[in-house]
Structures are given as structure tokens and as C-alpha cells.
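Inspection log for the structure reproduced underneath, given as C-alpha cells.
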Amino acid sequence: MKRFLVIARVGDNSLHTYWLENAAPSFDLFLSYFGDKPNHYQAEATYYEQVKGGKWPIIHKLIEANWELISQYDAVWLPDDDIMTDAKTINKMFNLFDGFDLALAQPALTMDSYFSHSSLLRQPSSVLRYSNFVEVMVPVLSASALVTLKESFGQSPSGWGLDALWPHLIGNTDFKSIAVIDATPVIHTRPVGGELYRLNPELSPSKDAIQLQALYPQFNISRRHAPNKFKVYCQISESKIYPSFLASIIGKYQRVIAKQRARKQTKFLS
């Protein structure tokens, strides 16, 4: 058993095979296949299951059913299957996550990625940005954070609202528990939400968000709520450490530039 684990819901067009290339993986791979081909990808996985359903309800069931195993890992990454990266990048991501003693993080997205939040596009010369937000697309969780957050995975079938809820549950009182890791960017190769909603037409993001809010009345998890908007508390660059105030100003400037640049980039897949 390795120290780190990658758990992914994968379909017939999954890019996970690239995750095992360009270096010896420092992680085990648990594939949960939602297609129709018996035992498809089983030979590529450390652990394997085949089951239909959306990402988060099935991952919740998977973790609960295999908790004795999964709880032994130091950190777990939960990427979508349309993420392009390799073992060298994933290994480095886990090492930075572990080295900075993070609870919750995500790798930044490359400029040619499809994206929902320009804040999460890679910032040049940055190693990581301590923040208050990560997406449900590619979250990394420490063992202790997984204990805290795993129940929420089954509470929003579409995943909506989870990204705003998780920082509240983590606490992040030291402002150093959550981060975007710029040093290990990955490519999001397909339009946001496309296959998820095509294969699971019953999903209702707005309904999920309302129901999730009702489960946690002590928190305001609306994306429009000012405290939930993306913030940079500190940026660790390759040569400097920017404190909170300056990092915030730099971050706002970089997000504007990143959004403009991303619009000009050719997407990885059309």
C-alpha cells in the first residue's frame, strides 16, 4: 500500500491512463467504472468496482463500503475522468500537499482548460495560494479532512454547494489549511458538467443546493455570499512569500489577466 490514493469515477472516454505515465506512481488507484463493458479498466486499477450513478453519491458509497482500507491513506485525490495529467505531476501534487500540511486543496487548471472559476487558473511563478475555496472537480483531502467531509459527499447528488460547504466544515482558522497548488497544473479537457448531466438527467443542481443549505443552517453556503467568494490569504511564489493584503491585490490582478488569456487559448478538446 502506498501513502496516497486516487479515487475516480470513470467512463469509456476516461483519461486516467495518462495519470500512470511519465513516472512511477506514488499513489494507488481506485477506479469506479460507470460504463457497460464488463471489467473494463480493471487491469489498470489497484482497486476496482463497476456501478452506475453520479460522481458524488457513488463516491460516498464507495468510501463508506471501503472505509477500513481508505482510512489508511494519508491523502486522497478525487478527480473527474476528463482531467489530463501524468504521474509525475500527481506525485509532486501529493508531495506539496503533504509538505505544506494542507487539509483541502486542488491543483490549478492550465490556461487551455475549460473552467468555471478564473481564480483557479494557474498563476505564473506561484507554488501555491492559500485560499478559502476549491472545486468539486479535483479536490485533494487529508485523512482527517476526509473524516470530516465524507458524509457530505452523499448530500448533494450533483455536487452543487459542496465547494462552498467544505471550507466551513474544515474551519481553516489558521488560513493555511486550504490551497490552490499552482506548481502542478492539470488540464480540464471537456466543457464543465457535460457528461455528468447527460448520463444523469435527473440531477437538479439548484434543488441540491437548497437541500444542502437546509442540512447546514448554521452556514450560509450561497455562492453569492461575500465570505464564500474566492480569497487569497497568502501566495507562495518560487522566490517570494506574499502576505495576505498584497496577495489579495496580486490575486485580483492575476485573475483578470488569467480570464483574458484563457479566452484566447485553444481548448484541449473541441
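When you line the sequence shown up against my numbering, it's residues 617 to 886, in that order.
Built from N, CA and C at the ideal position, the CB exists for glycine as well.
Only exposed fits H841, as fewer than 16 other CB atoms lie within 10 angstroms of its CB.
A straight line joining the alpha-carbon of F710 with that of S742 spans about 17 Å. D824: member of the alpha helix (DSSP H) spanning P821 to L831, first to last residue. Distance from the CA of P740 to the CA of A799, rounded to the nearest whole angstrom, comes to 9 Å. As computed with DSSP, E665 is found in a beta bridge with S648.
Non-local C-beta neighbours of K618 in its own chain, meaning closer than 7 Å and more than five positions away in sequence, comprise S642, F643 and D644, ordered along the chain. Residue environment: R745 is assigned as buried (16 or more neighbouring CB atoms within 10 Å of its CB, all protein chains considered).
Taking C-alpha positions only, T726 is separated from Q827 by approximately 33 Å. Excluding the 5 residues flanking it on each side, D696 has same chain C-beta neighbours closer than 6 Å at M753, in chain order.
When DSSP states are grouped into helix, strand and coil, Y634 belongs to the helix group.
Judged by DSSP in its simplified three-state form, Q851 adopts strand.
Rounded to the nearest angstrom, the gap between the Cα atoms of N836 and D790 is 20 Å.
By the Cβ criterion, the region 687-705 is not in contact with the region 774-786, since fewer than three pairs of Cβ atoms, one from each stretch, lie closer than 8 Å.
Judged by DSSP in its simplified three-state form, F835 adopts coil rather than helix or strand. Just measuring C-alpha positions, the residue of T764, D728 and I794 sitting nearest S687 is T764.
Rounded to the nearest whole angstrom, the C-alpha separation of V622 and P843 is 30 Å.
Of the candidates V848, S853, P783 and P723, the residue whose Cα lies closest to the Cα of P801 is P723.
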